[in-house]
Amino acid sequence: MLKANSTEPGSQPKRLQKPKPWIIGTCDRRCCVTLLTGCYTCEWQIKQEKRSRPGPCCCSWKECMFYLCLIISFLLSVVLLFVWIETSNEYFGFDWVIFLGTGYWFFWSIVLLSLLGILTAYSSLLVVLGFLLIWEGYELYLHWCHKILILLVILLCSFFLWILCKFWQDKWLTAGLSLQIFAPYVHLSGISVMIILSWPVAFYLTHLEEEVRMRRFKMTYYDRETAKGCTILTKLRALQVAIGLPFILILLCLYFVPWGILSPCIQEEDKLGPKPDFFGHRGAPMLGPENTMMSFEKAVEQGAYGLESDIQLSYDRVPFLMHDDDLRRTTNIREVQPNASLTHSSFFLWSFLSTLNAGKWFVQSRFKPFYHMKPLSKADREKAENQRISKLTDLLEFAQKEKKFVLFDLNAPPRKHPLRNMYIRHVVNVILASKIEQHLIFWLPNFDRQYVRSRAPGFQQMGRLFSIERLRKENISRINVDYKKLFYKGLKDYKAANININLYIVNEPWLYSLAWCSRIHSVTTDNIQILSQLNHPYFFMTPGYYMFMWLLMDSVSAVLIVAIFYFHWWREHKKEMFNNINIHKDPQNINLQQNEHGSQDSTNLPIKSSFRVMESPWTVSTLYPASTKSTKKHPGSHHILVVPKKKSSELEQVKETIKPLMPSKYVRQPAPTEKTFEPTWNATREAPFETALPFLVVNKPTISSLEITQSETESEKTSTLVSSQESFLIFSTTSSTFSSELSSQKK
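Residue numbering for the sequence shown follows the numbering used here, beginning at 1 and increasing consecutively.
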């Protein structure tokens with residue numbers, strides 16, 4: 001007995017859908033692609049055609065050139081930003097040089113740092129957006145505003161690089177020193193970055209490999225444009241090499257780079273030298289106005305080993321403490337005598353210099369010498385506002401009281417000064433007259449050193465970056481040198497000769513840690529309140545610990561990278577096998593295979609658009625008597641009848657030969673489906689069960705499922721007419737009762 005499902009043909013049972021989160025409904029993939037395209041091209045409607053598979057770059061050569069310029073701007077900005085961050089120890093000197101040229105004090109170093117950060121962030125954002133658009137398969141089209149800005153970034157970065165190479169070459173030395181101490185951590189961080197980058201690299205390489213296979217498949221089976229195909233395959237292979245080879249080389253370099261790392265902070269604990277001593281540079285300039293008694297007192301409170309200062313000579317022969325040649329920056333000379341603000345300080349009398357305020361500038365926000373200074377307390381603020389220019393004798397008396405060493409730079413007075421040629425001897429006499437212990441004086445000036453030796457034999461002679469032979473000849477056992485020059489000019493030789501070394505100016509903790517690990521004896525610093533709190537050098541590790549981290553990171557990264565590449569290869573291989581199965585397997589073959597396995601349930605078959613599916617309670621032998629002889633019976637309970645489509649003339653003939661049939665009372669009338677059949681009832685018939693044969697109308701294919709009884713006689717024949725070009729499927733089943741009813745009607 002024939003039973004039809006209650007579900008209409010072509011319809012599917014409704015499933016309860018879980019509510020999606022609002023973020024998925026709002027920010028879908030289309031929205032993300034629109035956002036990427038809008039930020040990169042400034043057009044918020046996607047106009048580019050998406051490529052089906054990643055292959056050779058389909059962008060125009062102009063866009064490729066601008067993307068190359070974008071990468072160049074990114075690299076230049078990153079290099080500049082790295083150099084400027086690592087030279088933060090020199091920010092005060094940079095601001096001071098700009099002040100000498102402009103006469104206006106400001107944190108120009110921080111302005112430049114912010115500018116370089118913005119340029120780096122802007123160029124890196126465009127690089128990432130372009131990469132994501134290429135990842136999604138969209139052509140690049142950089143907006144003209146971005147193109148102009150990128151060219152400006154390249155020009156600006158090139159200008160700054162030229163300035164650094166021309167006037168501040170020592171900044172590159174500072175960046176090189178930072179690599180000595182940060183190299184182990186840069187190495188470990190670089191391996192982590194390569195693990196992250198291996199995901200997109202593996203993804204793109206496997207897609208390129210799939211593209212090569214697909215093109216080879218097409219060339220083999222279809223033989224289309226062999227010469228052009230070979231050119232495309234060559235480009236694809238070249239693109240694979242251009243992406244994969246640098247990745248592998250960089251990864252190998254990171255794996256073996258520790259053999260070339262010679263960081264002073266990688267050593268055993270027992271070989272670490274003592275903590276370097278501190279010379280307060282102009283006192284403690286972050287805690288009090290420089291070269292004032294308040295600043296020196298703050299330096300002593302922070303545990304300074306010695307006090308460093310700069311000496312000028314007034315016109316009436318009074319040595320006083322002042323670093324700059326004029327009084328604009330550290331005094332209120334602009335308020336007292338604006339016209340004399342550019343005059344050299346040595347041309348003023350001490351009676352006038354002693355009346356100037358030397359601390360009010362320090363408490364003003366725009367004149368603060370260091371941007372990371374802590375706010376002063378109320379008592380320190382009042383004390384700083386009342387500071388005056390100090391004399392050399394004031395410093396000597398304070399050092400004698402606190403038993404601190406004194407180190408100073410003695411600036412030669414300008415021409416037409418009374419002590420132009422006699423300033424060394426005059427200062428020596430002033431020092432001896434102060435009754436300070438001679439061994440507390442580190443004598444640095446090299447001019448007229450023989451007189452100083454004879455006049456004050458107790459002074460400790462200190463040289464500069466002289467050769468070891470000269471130091472031995474002049475019997476000098478201590479040097480005061482710039483840290484940038486020392487580390488590149490024979491540090492080991494000076495240490496082997498037992499020369500005590502004092503470095504200036506060391507403000508950053510990483511630089512102080514480098515000096516500590518290098519067994520430097522003392523440093524001159526502005527940041528004594530921070531460095532004095534260090535109990536152990538930063539970035540210090542033992543060789544065994546670094547080797548363990550090195551081998552661990554190398555092994556883990558190798559396993560992860562191989563796993564990532566294998567995962568992408570496996571996924572692409574699986575996807576390729578699935579596509580091949582869908583291509584080579586025909587829906588009709590799938591149905592026949594299912595029938596051979598004896599499937600008893602109703603089956604939903606995927607039907608191509610060139611087929612039409614119909615269900616009918618009548619046998620084909622009744623509808624098409626002539627076709628029963630050429631039928632082919634397939635095993636199983638389902639009979640697949642393939643009937644060729646008829647042309648318009650043939651359809652008319654078929655309609656004439658077909659007569660309306662009376663269905664049996666045991667057969668339930670089929671329900672009309674959606675646009676599959678259009679049954680027309682003959683109103684002239686009085687019999688309630690008389691029906692007209694539904695005309696066959698060509699519509700979209702539908703699939704119906706029927707519950708079919710298994711009783712079937714062997715004498716029944718089904719017809720199958722196979723058309724080589726156009727055909728449609730008719731699923732029909734029969735029963736013994738239904739067959740006998742039809743035969744009685746036919747008679």
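Note that the Cβ used here is the ideal one computed from N, Cα and C, for glycine as well.
Just so you know, these numbers come straight off a predicted model, no measurement behind them.
Kindly indicate if chain C contains any beta-carbon less than 9 Å away from that of residue i.
| i | result |
| --- | --- |
| F82 | Absent from the structure is chain C; it holds one protein chain and no more. |
Report back the beta-carbon spacing between residue i and residue j to the nearest angstrom; my notes put them in contact at under 8 Å.
| i | j | result |
| --- | --- | --- |
| E90 | T174 | 7 Å |
| V481 | F278 | Not quite, the Cβ-Cβ distance comes to about 16 Å (not below 8 Å), so this is no contact. |
| N291 | S390 | 6 Å |
| Q529 | Q302 | 5 Å |
| W749 | P258 | Outside the modelled stretch of the chain, which goes from 1 to 747, sits residue 749, for which no answer is possible. |
| I191 | S557 | 5 Å |
| C69 | I154 | 7 Å |
At the level of alpha carbons, what is the spacing between residue i and residue j?
| i | j | result |
| --- | --- | --- |
| A456 | H439 | 10 Å |
| L486 | Q267 | 21 Å |
| V97 | V111 | 15 Å |
| S263 | L149 | 40 Å |
| S377 | E385 | 12 Å |
| T331 | K360 | 8 Å |
| T343 | Q337 | 10 Å |
| Y423 | I441 | 17 Å |
| K347 | H417 | Sequence inspection shows Phe at residue 347; the Lys mentioned does not correspond to that position. One C-alpha to the other measures close to 7 Å. |
| E576 | V127 | 31 Å |
| S434 | W84 | 44 Å |
| W144 | Y122 | 15 Å |
| G103 | C42 | 42 Å |
| Q450 | M541 | 46 Å |
| S727 | L208 | Because the pLDDT at S727 is just 41, under 50, the model does not fix this residue reliably, and the point stays unresolved. |
| P414 | I436 | 28 Å |
| R237 | M194 | 22 Å |
| S532 | A515 | 14 Å |
| S621 | L233 | With a pLDDT of 40 at S621, under the threshold of 50, the modelled position of that residue is not reliable, and the figure given next carries that caveat. Computed Cα separation, rounded: 57 Å. |
| E335 | D325 | 18 Å |
| G458 | Y545 | 48 Å |
| Q180 | I71 | 27 Å |
| M286 | F131 | 46 Å |
| H536 | H281 | 22 Å |
| F565 | M65 | 30 Å |
| M547 | L534 | 26 Å |
Here's a check: name, in chain order, each residue in its chain whose Cβ is nearer than 8 Å to the Cβ of residue i, leaving out the five neighbours to either side.
| i | result |
| --- | --- |
| L129 | L36, C39, Y40 |
| Y494 | I468, I479, L486, I501 |
| I261 | A183, P184, H187 |
| F367 | W105, R329, W361 |
| L349 | S314, Y315, D316 |
| V201 | I243, G244, F247 |
| R215 | G229, I232, L233, L236 |
| E269 | T542 |
In chain order, what residues of the same chain lie with their CB nearer than 6 Å to the CB of residue i, ignoring the 5 residues before and after it?
| i | result |
| --- | --- |
| Y538 | P509, W510, S513 |
| L76 | C157 |
| Y371 | F107, I110 |
| L80 | L116, C157, F160 |
| L164 | K171 |
Who are the near neighbours of residue i in its chain, counting only those whose CB is closer than 7 Å to its CB and skipping five residues on each side?
| i | result |
| --- | --- |
| S518 | P264, L491 |
| S124 | F74 |
| F99 | W105, R329 |
| P445 | L410, I424 |
Task: Validate contact between the segment 399-416 and the segment 296-314 using beta carbons, cut 8 Å, 3 pairs - done: yes
Open item on the list: If contact is defined by three or more beta carbon pairs under 8 Å, each pair taking one atom from either stretch, is the segment 518-533 in contact with the segment 495-508?
Closed with: yes
TODO: Decide yes or no for the touch test of the segment 136-152 against the segment 86-104: beta carbon pairs closer than 8 Å, at least 3 of them.
DONE: no
Open item on the list: Does the contact criterion of 3 or more C-beta pairs under 8 Å hold for the segment 387-402 versus the segment 287-301?
Closed with: yes
TODO: With a floor of 4 residues, list each alpha helix (DSSP H) that falls wholly inside the segment 437-480, ordered by position along the chain.
DONE: 449-455, 468-473
TODO: Would you be able to state if there are at least three C-beta pairs under 8 Å between the segment 311-326 and the segment 426-440?
DONE: yes
Task: Every unbroken beta strand (DSSP E) within the segment 476-539, with a cutoff of 3 residues, ordered by chain - done: Annotation note: the segment 476-539 contains the following uninterrupted beta strand (DSSP E) runs of length 3 or greater, listed N- to C-terminal: 478-482, 500-504, 522-525.
Open item on the list: List, from N- to C-terminal side, the alpha helix (DSSP H) runs of 4 residues or more that fit wholly inside the segment 198-264.
Closed with: 226-256
TODO: Please list the segments of the alpha helix (DSSP H) lying wholly inside the segment 329-384, counting only runs of 4 or more residues, in order along the chain.
DONE: The alpha helix (DSSP H) runs of length 4 or more contained entirely in the segment 329-384 are, from start to end of the chain, 333-336, 350-353, 360-363.
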